[in-house]
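Undergrad: Structure below; questions to follow.
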Amino acid sequence: MEQLIITKEKLPTMLDELAKEYNLIAPVEENDYSTFLQIEKAEEMNLDFLLSRIPAKKLLFDQTETLFKFKPGKKGEIISREFSKEESVVFGIRPCDARSFSILDPVFQGDFKDPIYNTNRTNNILLGLSCNKPDTNCFCTSFDDSPASANNVDILFTDLGDNYFVEVVTERGKSLISKVNKLFSTGSKSDEEAKNDIEKKAIDSITRQMKLDGVVLNLDKMFDHEIWHNTAFKCIGCGICTYLCPTCHCFDIQDESTLREGARVRIWDSCMNPEYTHHASGHNPRPARMNRVRNRVYHKFSYFPKNSEIFACTGCGRCIDYCPVNIDIIDTISKVGEIKID
Numbered sequence: 038m039e040q041l042i043i044t045k046e047k048l049p050t051m052l053d054e055l056a057k058e059y060n061l062i063a064p065v066e067e068n069d070y071s072t073f074l075q076i077e078k079a080e081e082m083n084l085d086f087l088l089s090r091i092p093a094k095k096l097l098f099d100q101t102e103t104l105f106k107f108k109p110g111k112k113g114e115i116i117s118r119e120f121s122k123e124e125s126v127v128f129g130i131r132p133c134d135a136r137s138f139s140i141l142d143p144v145f146q147g148d149f150k151d152p153i154y155n156t157n158r159t160n161n162i163l164l165g166l167s168c169n170k171p172d173t174n175c176f177c178t179s180f181d182d183s184p185a186s187a188n189n190v191d192i193l194f195t196d197l198g199d200n201y202f203v204e205v206v207t208e209r210g211k212s213l214i215s216k217v218n219k220l221f222s223t224g225s226k227s228d229e230e231a232k233n234d235i236e237k238k239a240i241d242s243i244t245r246q247m248k249l250d251g252v253v254l255n256l257d258k259m260f261d262h263e264i265w266h267n268t269a270f271k272c273i274g275c276g277i278c279t280y281l282c283p284t285c286h287c288f289d290i291q292d293e294s295t296l297r298e299g300a301r302v303r304i305w306d307s308c309m310n311p312e313y314t315h316h317a318s319g320h321n322p323r324p325a326r327m328n329r330v331r332n333r334v335y336h337k338f339s340y341f342p343k344n345s346e347i348f349a350c351t352g353c354g355r356c357i358d359y360c361p362v363n364i365d366i367i368d369t370i371s372k373v374g375e376i377k378i379d
């Protein structure tokens, strides 16, 4: 793995140079919340917050997207969506959000390979940014991850103060760096040690841990346990936990049309919505909030690990931070692991 140094003064120059050839995407603040958007210049990005409120999954699986357009009638036609071949440089994605892409991959790259997701996945070059100071509700280390992990990015930047320590992880990353290599210098052993020290301090600062031992087995025996009723009693069913989750991927498909033209549109949906499982017959297999609260937990910590051998959670803490009634997934899962089931 190639290790380089770039000064903070030169970082905007690097990004502006790359923006001439690639779409440049970075975290910005818009309408009082943070999200990833395409920008023209590095000065438009905002690195003052730890995590964007809207997760980076929108770069692969947008909140609203047109699948295809159509013209109704006897001589109607389907107008297929055109896929861009332009590559995008995504700067500032945190390790937990980058890891969410690998969790989403089995969903959209499994038996049915989603063309929109796969095109976006291929076109996005990920420039990660280590978390030097994880937030109170960060718990990525519960999943054997690190706030300075380079496992799921092409290049990882770590803030050393006046400089960034740069780890070039993949061949795509190496090719990208070659276009702006004049702005970098070779990293030294002391630079690597400084990065390792920052990573260790970041890991040590994470005080919250999710106890995962025995969770999958316990959930197999807890479908009717009172814990789901107790949690649902507090929940107001707003769905913010799913919309802001970097791994939730439920969606609805709707046809929008006028007399002359229409489109099939995919939009984010939430299993916390009572309409989500409402059948055309009128039957709803999850009629109560308890059923939906339980399903969300089972999906992430039972069904997904059984099907894909990975928990559908990155430990980003968004669902804890933004829940209006302070439901805490760490407490819930820890209780699941502690309950003794005969």
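Offset between the sequence shown (1-based) and the working numbering: plus 37. The beta-carbon is built from N, C-alpha and C at its ideal position, and this holds for glycine as well.
Within a Cβ cutoff of 7 Å, which residues of the same chain sit near K94, ignoring the five residues on either side of it in sequence?
TA: Here the question's residue 94 lines up with position 57 in the sequence shown. So the qualifying residues of the chain are S137, L141, P283.
Undergrad: Starting from L41 and walking both ways along the beta strand (DSSP E), at which residues does that stretch end?
TA: Taking the sequence shown and counting its residues from 1, the one referred to as residue 41 is at position 4. Residues 39-44.
Undergrad: Could you spell out where the beta strand (DSSP E) holding K106 opens and where it closes?
TA: Along the sequence shown, read from residue 1 onward, the residue named residue 106 stands at position 69. Looking at the DSSP string, the run of the beta strand (DSSP E) that includes K106 is 101-108.
Undergrad: Just curious, the beta strand (DSSP E) that N321 is in, first and last residue?
TA: Within the sequence shown, residue 321 is the residue found at index 284, counting from 1. Unbroken run through N321: none, as it is neither H nor E.
Undergrad: With DSSP as the reference, label S307 as helix, strand or coil.
TA: Your numbering for residue 307 matches position 270 in the sequence shown. Coil.
Undergrad: V362 to C353, Cα distance in whole Å?
TA: By 1-based counting over the sequence shown, the position of residue 362 is 325. By 1-based counting over the sequence shown, the position of residue 353 is 316. Rounded to whole angstroms, V362 to C353 spans 18 Å at the Cα level.
Undergrad: Could you name each continuous alpha helix (DSSP H) segment of 4 residues or more that falls completely within the segment 236-308, going from the start of the chain to the end?
TA: Fully enclosed alpha helix (DSSP H) runs of 4 or longer: 252-256, 263-271, 277-280.
Undergrad: If you draw a straight line from the alpha carbon of E67 to that of N328, how long is it in whole angstroms?
TA: If you number the sequence shown from 1, residue 67 lands on position 30. If you number the sequence shown from 1, residue 328 lands on position 291. Approximately 35 Å, taken between the alpha carbons.
Undergrad: On the DSSP bridge assignment, give the partners of G165 in chain order.
TA: The count along the sequence shown starts at 1 and reaches residue 165 at position 128. Beta-bridge pairing links G165 to I130, L193.
Undergrad: Between the alpha carbons of P92 and A349, how many angstroms are there, rounded?
TA: Within the sequence shown, residue 92 is the residue found at index 55, counting from 1. Within the sequence shown, residue 349 is the residue found at index 312, counting from 1. Cα to Cα, P92 sits roughly 14 Å from A349.
Undergrad: Identify whether L61 lies in helix, strand or coil by the three-state DSSP scheme.
TA: Taking the first residue of the sequence shown as position 1, residue 61 is located at position 24. Three-state result, L61: strand.
Undergrad: May I ask you to report which of helix, strand or coil DSSP gives S121?
TA: Residue mapping note: residue 121 aligns to position 84 of the sequence shown, counting from 1. If DSSP states are grouped into helix, strand and coil, S121 belongs with coil.
Undergrad: Tell me whether the segment 226-242 and the segment 45-58 touch, counting them as touching only if at least three CB pairs, one residue from each stretch, are closer than 8 Å.
TA: The segment 226-242, when compared against the segment 45-58, does not touch it at the 8 Å Cβ threshold.
Undergrad: From S242 to P171, what does the alpha carbon distance come to, in whole angstroms?
TA: As a first step, residue 242 must be located in the sequence shown, where it is residue number 205. As a first step, residue 171 must be located in the sequence shown, where it is residue number 134. For S242 and P171, the distance between alpha carbons rounds to 7 Å.
Undergrad: Taking the alpha-carbon positions, what's the N200 to Y313 distance?
TA: Counting from 1 along the sequence shown, the entry for residue 200 is found at position 163. Counting from 1 along the sequence shown, the entry for residue 313 is found at position 276. Straight-line Cα distance between these residues: approximately 48 Å.
Undergrad: From the DSSP output, in three-state form, read off N332 for me.
TA: In the sequence shown, residue 332 corresponds to position 295, counting from 1. Helix at N332.
Undergrad: How long is the line joining the alpha carbons of V253 and N161, rounded to whole angstroms?
TA: Position 216 of the sequence shown holds residue 253. Position 124 of the sequence shown holds residue 161. So the alpha carbons of these two residues sit roughly 33 Å apart.
Undergrad: Below 7 Å CB to CB, which residues in the same chain sit around S179 once its five sequence neighbours on both sides are set aside?
TA: As a working note, residue 179 is residue 142 in the sequence shown. The residues are Q246, M247, L249, G352.
Undergrad: Can you tell me which of the three DSSP states S212 falls into?
TA: Locating residue 212 in the sequence shown gives position 175, where the first residue counts as 1. Helix.
Undergrad: Cβ atoms of V217 and L84: under 9 Å apart, would you say?
TA: Counting from one through the sequence shown, the residue named residue 84 turns up at place 47. Counting from one through the sequence shown, the residue named residue 217 turns up at place 180. Result no, Cβ atoms of L84 and V217 do not sit closer than 9 Å.
Undergrad: Which value, in whole angstroms, describes the spacing of the CA atoms of K122 and E346?
TA: Residue numbering aside, residue 122 sits at position 85 when the sequence shown is read from its first letter. Residue numbering aside, residue 346 sits at position 309 when the sequence shown is read from its first letter. So the two alpha carbons sit approximately 32 Å from each other.
Undergrad: DSSP puts S222 in a beta bridge; with which residues?
TA: Position 185 of the sequence shown, counted from the first residue, corresponds to residue 222. Answer by DSSP bridge pairing, in chain order: I42.
Undergrad: Express the C-alpha separation of P152 and R311 in angstroms, rounding to a whole number.
TA: Within the sequence shown, the letter at position 274 stands for residue 311. Within the sequence shown, the letter at position 115 stands for residue 152. In the sequence under discussion, the amino acid at residue 311 is Pro, which differs from the Arg named in the question. Roughly 29 Å separates the two Cα atoms.
Undergrad: Taking only three categories from DSSP, how would you classify L74?
TA: Counting from one through the sequence shown, the residue named residue 74 turns up at place 37. Note: L74 maps to strand in three-state DSSP.
Undergrad: So, is E114 buried or exposed, given that buried needs 16 or more other C-beta atoms within 10 angstroms?
TA: Along the sequence shown, read from residue 1 onward, the residue named residue 114 stands at position 77. The residue is exposed, with fewer than 16 neighbouring Cβ atoms inside 10 Å.
Undergrad: In terms of residues, what are the limits of the beta strand (DSSP E) holding Y201?
TA: The sequence position of residue 201 within the sequence shown is 164, counting from 1. Segment 200-205, the beta strand (DSSP E) holding Y201.
Undergrad: Give me whichever residues DSSP pairs with I115 in a beta bridge.
TA: Locating residue 115 in the sequence shown gives position 78, counting from the first residue. BP columns for I115 point to F107.
Undergrad: Given a cut-off of 9 Å on the beta-carbon distance, is the pair L96 and V203 in contact?
TA: Stepping through the sequence shown from its first residue, residue 96 is reached at position 59. Stepping through the sequence shown from its first residue, residue 203 is reached at position 166. Contact flag unset, no.
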